[in-house]
Structures are given as structure tokens and as C-alpha cells.
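Taking it in order: structure first as C-alpha cells, then the write-up.
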Amino acid sequence: MNKRITVLGLLLATSLLSLAARADDASELRAKLAKVDNLHATFSQQVTDINNKPIQSGNGVFALAYPNQFYWHLTEPDESLIVADGANLWVYNPFAEEVTVMDVSQAVDASPMALLVHRDDETWNKYTVIKRQNDAQSNCFDIQPKKLNSSVVAVSVCFKAALLTQFNLTDEQGNLSQFQLSAQRAVTPAEKSLFKFAVPDNVDIDDQRLKQVK
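Here you go:
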């Protein structure tokens, strides 16, 4: 009986230590992101399937600003655009001539990437964060939703010291999208317009906002 109690106690202690470590990892990531109040960068994209076979490569421009502003422009091979203006999230496909709009709050459920521009406890409590130390200067944070609500099942965010250098997205099919950032700098006042989206003419709009203006 005493031996059984001891084993159970060790298991409980291990579980509590693991939870505490994950809480510390999340706190460390939040502290790093808090220092990235705005960021402009170029990116290169590589997509591989579950067997590590290359599927696609591309390039584009990425920017973020706190709170809740996000800009993602894939310029090649096929153009696509994602803009979060603080209240709404716009996903534009020029080739299909259609745009989807949803509340920024819905984006939190759609992808762990939303953590880059969110600071509130309610949002962060939806995810588990585990740190991986690559070397003395570089580390990554693996982020997984506690409840799966989208096709994105995992995200990793990587830093070199305080510099955001890379993030990776894994979807439910096992495809891995890797994004390497370069030319990182602050968003200039003139570039604030990046976070505003104007719907082009003759484009179909799929409005999925929960509280639509009437």
C-alpha cells in the first residue's frame, strides 16, 4: 500500500512539474512577443508533405502590430493576402476573385498564429506551449491548441535572441509549411495602411462575422 502511494505521489509530482514547466514556457514566449509590438519582414516559404516531399515554395511580405493587426502577402507562386485590421480578418484570393471576412476573435480559433498579436489570458489559455532550446542563442516554442478547431494542428515559433526568425505550421494532413523571415525591422508610420483592407471591385464576399452590421 505504501509503495503504491509513493508511486502515485511521484506520478502526481511529475505531472505538476510538467504543467509548471509548460506554464513557464508560455510566459517566456509571451514575454518575447511583447517586445515585438510591430514587425515588418520578408519571408520564404517551403511546404513539404507528411513524407517530407516538397510540395510548394514561395515568397512574400509579413507584418504585424499589436493589438490584433496582421498582414500576410504571398506574392509567388500564386498571390494571396490575409489582413487583420484589429476587428476583422480578411482572406483574399485574387485568382478566384473572392474574399472571406470574419471577426478577429474567430481567427484565434482558426490558428495558433493569432497568438502573435494577442496578449489576453483567455486566448493564451486555449493553447499549450513547450520550449525547445536549439543552442545558446536560438530556441523554438511549439504551440498546440488544447481543442482542435481548425486544419492547423500545430505551430512553432523560433527566435535568435530576441529576433523572430522562423515559424512553422503543420496541418491535419501532416503537411509542414516552413517560413524563414529576413530583413526584419519595425513597421514605419507610412506602412500602417498595410493593416487596412479595401475590397476590390467585382469580388465575391463571404461574410462569416458573428455580429454583422445591419
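Numbers -23 to -1, 1 to 191, taken from mature numbering (1 follows the signal peptide of the UniProt record, and there is no 0), label the letters of the sequence shown in order. Just so you know, even glycine gets a beta-carbon here, dropped at the ideal spot from N, CA and C.
Only counting the same chain, and skipping five residues up and downstream in sequence, which positions put a Cβ closer than 6 Å to that of residue i?
| i | result |
| --- | --- |
| L58 | H50, Y69 |
| N65 | V78 |
| N15 | A42, A163, V164 |
| R96 | none |
| D181 | E75 |
Quick one: what's residue i bridged to in DSSP?
| i | result |
| --- | --- |
| Q83 | Beta-bridge pairing links Q83 to no other residue. |
| L41 | L16, F47 |
| P31 | T25 |
| T52 | T52 is not bridged to any residue. |
| N145 | S133, Q155 |
| W67 | V60, V78 |
| D181 | E75 |
How many Å lie between residue i and residue j at the Cα?
| i | j | result |
| --- | --- | --- |
| E56 | G37 | 9 Å |
| A113 | S170 | 38 Å |
| D80 | K30 | 35 Å |
| G63 | N111 | 34 Å |
| Q161 | T19 | 7 Å |
| S34 | A40 | 19 Å |
| F156 | N179 | 32 Å |
| E74 | P177 | 9 Å |
| F118 | R109 | 6 Å |
| C135 | F144 | 6 Å |
| E149 | A138 | 31 Å |
| K173 | I32 | 31 Å |
| E168 | H17 | 9 Å |
| P44 | Q22 | 25 Å |
| N102 | V24 | 29 Å |
| residue 208 | L6 | Nothing about residue 208 can be reported from this structure: the residues present for the chain run from -23 to 191 only. |
| L158 | L93 | 14 Å |
| Q185 | L140 | 35 Å |
When burial is assigned at 16 or more other CB atoms within 10 Å of the CB, is residue i buried or exposed?
| i | result |
| --- | --- |
| F72 | exposed |
| L187 | exposed |
| S133 | buried |
| I27 | exposed |
| V60 | buried |
| I120 | buried |
| Q46 | buried |
| D1 | exposed |
| N116 | buried |
| A3 | buried |
| I(-19) | With a pLDDT of 43 at I(-19), under the threshold of 50, the predicted position of this residue should be treated as unreliable, though the coordinate-derived value follows. Exposed is the call here. |
| A175 | exposed |
Residues in its own chain within less than 8 Å of residue i by CB, not counting five upstream and five downstream?
| i | result |
| --- | --- |
| G151 | D26, I27 |
| T52 | G35, N36, G37, V38 |
I'd like the list of long-range same chain contacts for residue i, defined as Cβ closer than 7 Å, with 5 residues on each side in sequence excluded.
| i | result |
| --- | --- |
| T147 | V130, A131, L153 |
Problem set entry | Segments assigned beta strand (DSSP E), at least 3 residues, entirely inside the segment 103 to 136 | The qualifying runs are 104 to 110, 115 to 122.
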